[in-house]
Amino acid sequence: MGTGVDVLEAGAGPPVVLLHSSVSGNRQWTALVNDLRDRHRVLAPNLLGYGATPPFAEPRPQRLADQAALVHAVLDGVDEPVALVGHSFGGAVAMRAAVELGDRVRALVLLEPNPVALLDRVGRRDAFAEACALRDHVQRHGTAGTWADAAPRFADYWLGDGSWDAMPDSRRAAFVAALPPNRHEWDAVTDPEMTVDDVAPQGVPTLVVHDPATRRPIREVVEVLAAVRPDWRFATLPEGGHMAPLVRPDLVTPVVTSFLAAS
Numbered sequence: 001m002g003t004g005v006d007v008l009e010a011g012a013g014p015p016v017v018l019l020h021s022s023v024s025g026n027r028q029w030t031a032l033v034n035d036l037r038d039r040h041r042v043l044a045p046n047l048l049g050y051g052a053t054p055p056f057a058e059p060r061p062q063r064l065a066d067q068a069a070l071v072h073a074v075l076d077g078v079d080e081p082v083a084l085v086g087h088s089f090g091g092a093v094a095m096r097a098a099v100e101l102g103d104r105v106r107a108l109v110l111l112e113p114n115p116v117a118l119l120d121r122v123g124r125r126d127a128f129a130e131a132c133a134l135r136d137h138v139q140r141h142g143t144a145g146t147w148a149d150a151a152p153r154f155a156d157y158w159l160g161d162g163s164w165d166a167m168p169d170s171r172r173a174a175f176v177a178a179l180p181p182n183r184h185e186w187d188a189v190t191d192p193e194m195t196v197d198d199v200a201p202q203g204v205p206t207l208v209v210h211d212p213a214t215r216r217p218i219r220e221v222v223e224v225l226a227a228v229r230p231d232w233r234f235a236t237l238p239e240g241g242h243m244a245p246l247v248r249p250d251l252v253t254p255v256v257t258s259f260l261a262a263s
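Residue numbers (the UniProt record's numbering): 1 to 263.
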């Protein structure tokens, strides 16, 4: 499965790789894994710095290709066409991996993907600035080592206003402990060299799913993708927000499984 990659494997059949969001881990896919395992070989790696996968340690900014290398590792020895499913940061990683894998990819499902550098590329600078403000907040506290001070704003932004105050102390502690990899992930999704062709494969059956009430940068990323890849499919969720794959798997799982079956 690739040296150093912590991966959950279940089931048998056509392979599906699941890529989790920031401040999460492959455990976020429990409901989807349980639904897919009867007919798919499911591979759910922990990204860099999560679970037992080593953290990013290069003396340079992280790039999506660094995370996509984990996908290549878990697919070592897999000869069948593969489907990729990614949420948020995992969605951006899935996009890059799909470009690199080329015709090995039979389907791509993106749940609120966040390659926000594309916003700057097409002049959507207000939405890009909103994302960068959160990036700067996280990285400033990361440099200072004050992760507990970074967490409330991050949690409220992605989980919804007031989420941090509503968390029990045990959940807050786990959230803070999972936050450090995000410092490097922001470099990957705001990469100034990123182009559409770097992350948006052509000729791959692709579904993009989002909640219309999600945060502005994600909403506008979806609009950009719809403009540059009109052959992709786009679907909305009635609720759940950015974290719908975790908080409303009952809504997300049927959308993912039906698209994979049709592909």
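From the three backbone atoms N, C-alpha and C, an ideal C-beta is built for every residue, glycine too. Computed from a prediction, not measured in an experiment: that's the story for all the values here.
Residue pairing of residue 15 in beta bridges, as defined by DSSP: 41. Here residue 70 has 5 and 45 as same chain residues with Cβ atoms under 6 Å from its own Cβ, once five neighbours each way along the sequence are excluded. Using a Cβ-Cβ distance cut-off of 8 Å, the stretch 142 to 160 and the stretch 30 to 40 are not in contact, since fewer than three pairs of beta carbons, one from each stretch, lie closer than that value.
With contacts defined by Cβ atoms closer than 8 Å, residue 222 and residue 118 do not form a contacting pair. Assigned with DSSP and collapsed to three states, residue 248 falls in coil, not helix or strand. Short of 6 Å from the beta carbon of residue 54, and not among the five residues preceding or following it, lie these beta carbons of its own chain, in chain order: 4.
DSSP, reduced to helix, strand and coil, places residue 210 within a strand of the structure shown. The Cβ atoms of residue 47 and residue 84 do not sit closer than 8 Å to each other. For residue 193, the secondary structure class from DSSP, reduced to helix, strand or coil, is coil. In the DSSP secondary-structure assignment, residue 87 is bridged to 111.
If you check the CB distance, residue 216 and residue 130 come in under 8 Å. Under the three-state reduction of DSSP output, residue 106 falls in the strand class. Rounded to the nearest angstrom, the gap between the Cα atoms of residue 27 and residue 234 is 26 Å.
Residue burial is scored here from C-beta neighbours: residue 96 has at least 16 other C-beta atoms within 10 angstroms and is therefore classed as buried. Counting only the Cα atoms, residue 191 lies some 31 Å from residue 253. Where residue 236 is concerned, the enclosing beta strand (DSSP E) starts and stops at 233 to 236. Under the three-state reduction of DSSP output, residue 82 falls in the strand class.
Straight-line spacing of the CA atoms in residue 134 and residue 114 works out to 13 Å. Between the stretch 36 to 44 and the stretch 14 to 26, the count of Cβ pairs shorter than 8 Å is three or higher; the stretches touch. Excluding residues up to 5 positions away in sequence, 135, 138 and 139 lie with their Cβ nearer than 7 Å to the Cβ of residue 186 in the same chain.
Secondary structure of residue 64 (DSSP, three-state): helix. The closest CA to that of residue 196, considering only 225, 165 and 145, is found on 225. It is roughly 11 Å from the alpha-carbon of residue 99 to the alpha-carbon of residue 64. In the displayed model, residue 100 falls within a helix according to three-state DSSP. In the displayed model, residue 47 falls within coil according to three-state DSSP, outside both helix and strand. Nearest Cα to residue 80 within the set 171, 101, 88 and 66: 101.
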